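Student: In our numbering, the protein residues as written are 1 to 269.
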Ligand code: GLP
């Protein structure tokens with residue numbers, strides 16, 4: 001796990017965009033895993049800017065989102081499908097039919113959505129780069145604490161804490177789903193590269209548990225310690241409770257020097 005700490009959230013987004021662009025240069029038809037939430041919005045803005053300036057294109061890419069609420073129509077402004085269209089897809093050249101969100105139509109059996117989503121990911125050749133945020137309680141996607149570390153895309157019940165955290169996005173009196181369909185932890189772990197972004201002091205505890213705590217289903221993001229190629233991008237506030245900060249900075253300096261000499265994927269090609 002590479003942990004890179006930046007001065008502020010804007011620099012986290014800049015670095016995220018740089019790494020996505022690197023992936024696109026290496027593989028113009030890369031398969032992306034995208035995340036919702038407030039954290040990646042700045043990253044999406046940077047990618048839109050880079051697309052507009054002509055430095056990158058998503059035309060040949062495909063994407064799979066981490067999760068979707070169950071019980072909300074895709075057209076609802078609160079659905080993650082709407083979020084992705086609004087914040088990203090509508091502004092770049094990705095083909096809409098190549099973007100996937102694990103939504104469940106009304107009347108459809110939600111138990112069948114997960115296996116189907118897993119097959120679509122497999123048919124696409126797997127995810128090359130998965131963008132992740134992290135919940136207050138250490139969740140990734142909607143894999144709440146106690147989620148099986150070998151889970152696959154399925155229905156999850158959201159914790160009270162997650163419902164509270166996300167209630168800010170719903171108007172008062174508006175229906176807020178208590179269930180979601182989320183990629184499982186094993187689905188996320190199958191991605192070839194993972195970028196986890198976290199900003200703000202309110203994420204410091206979850207980040208410390210994910211990066212330096214024991215690997216445990218009680219902090220689902222901690223499983224990333226067992227992933228081959230995960231990069232954690234943090235601002236100072238989100239990194240505040242890390243104990244090994246000095247080492248992360250040192251290693252980052254060395255990795256950048258190697259990258260300058262041998263290119264972006266020096267260690268992986
Ligand atoms: C939601 C999403 C997660 C996201 C988390 C944190 O619960 N399902 O994918 O990482 O919120 O969101 P934010 O970035 O708004 O803090």
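Glycine included, C-beta positions come from ideal geometry on N, C-alpha and C. Being a predicted model, the structure only gives us computed values, none of them experimental.
Enumerate, from N- to C-terminal direction, the unbroken beta strand (DSSP E) stretches of 3 or more residues contained entirely within the stretch 90-177.
Tutor: The qualifying runs are 129-132 and 154-157.
Student: At a cut-off of 6 Å, is residue 114 close to ligand 1 when judged by its beta-carbon and the heavy atoms of the ligand?
Tutor: Checking every heavy atom of ligand 1 against the Cβ of residue 114, none is found closer than 6 Å.
Student: With a threshold of 6 Å, establish whether the CB of residue 126 neighbours any heavy atom of ligand 1.
Tutor: It does not: the Cβ of residue 126 is nowhere closer than 6 Å to a heavy atom of ligand 1.
Student: Quick check: is any heavy atom of ligand 1 less than 6 Å from the C-beta of residue 231?
Tutor: Residue 231: no, Cβ never under 6 Å from ligand 1.
Student: Among 87, 42 and 150, which has the Cα closest to the Cα of residue 216?
Tutor: Of the candidates 87, 42 and 150, the one whose C-alpha sits nearest the C-alpha of residue 216 is 150.
Student: Since residue 187 is in the alpha helix (DSSP H), which residue starts that stretch and which ends it?
Tutor: Element bounds for residue 187: 185-189.
Student: Scan the stretch 177-247 and note each continuous beta strand (DSSP E) run of 3 residues or more that stays entirely inside, going in chain order.
Tutor: Counting whole runs of 3 or more residues, the stretch 177-247 contains the beta strand (DSSP E) stretches 179-182, 193-198 and 230-235.
Student: Is it the case that the stretch 251-263 contacts the stretch 165-185, given that we only count it when at least three CB pairs across the two stretches are under 8 Å?
Tutor: As far as the Cβ criterion goes, the stretch 165-185 does not touch the stretch 251-263, which means the pair count is below three.
Student: Inspect the beta-carbon positions of residue 124 and residue 103 and report whether they are closer than 7 Å.
Tutor: Taking 7 Å as the Cβ cut-off, residue 124 and residue 103 do not qualify as a contacting pair.
Student: Helix, strand or coil: which one does DSSP assign to residue 261?
Tutor: The answer is helix: DSSP assigns residue 261 an H, G or I state.
Student: Have a look at 184, 165 and 213 and flag the residue whose alpha-carbon is nearest the alpha-carbon of residue 176.
Tutor: Closest by alpha carbon: 165.
Student: Closer than 6 Å is what we want: which residues have a beta carbon that near any heavy atom of ligand 3? List them in chain order.
Tutor: Only ligand 1 can be found as ligands here, which leaves ligand 3 out of the picture.
Student: For residue 68, which residues of its own chain have a beta-carbon under 6 Å away from its beta-carbon, when the five flanking residues on both sides are left out?
Tutor: Hits under 6 Å: 80, 101, 102, 103 and 181.
Student: Give me the Cα-Cα distance between residue 204 and residue 244, rounded to the nearest whole angstrom.
Tutor: Answer to the nearest angstrom: the Cα atoms are 14 Å apart.
Student: Would you call residue 269 buried or exposed, if buried means 16 or more other Cβ atoms sit within 10 Å of its Cβ?
Tutor: Its pLDDT being 37, under 50, residue 269 is placed unreliably by the model, and nothing is read from it.
Student: Under 8 Å, with one C-beta from each stretch per pair, do the stretch 225-239 and the stretch 190-205 reach the 3-pair mark?
Tutor: Yes, since at least three Cβ pairs between the stretch 225-239 and the stretch 190-205 fall closer than 8 Å, the two stretches touch.
Student: With three or more beta-carbon pairs closer than 8 Å as the criterion, would you say the stretch 16-24 touches the stretch 108-116?
Tutor: Touching, no, given that fewer than three Cβ pairs across the two stretches are closer than 8 Å.
Student: For the beta strand (DSSP E) that residue 62 lies in, which residues bound it at each end?
Tutor: 62-65 is the extent of the beta strand (DSSP E) around residue 62.
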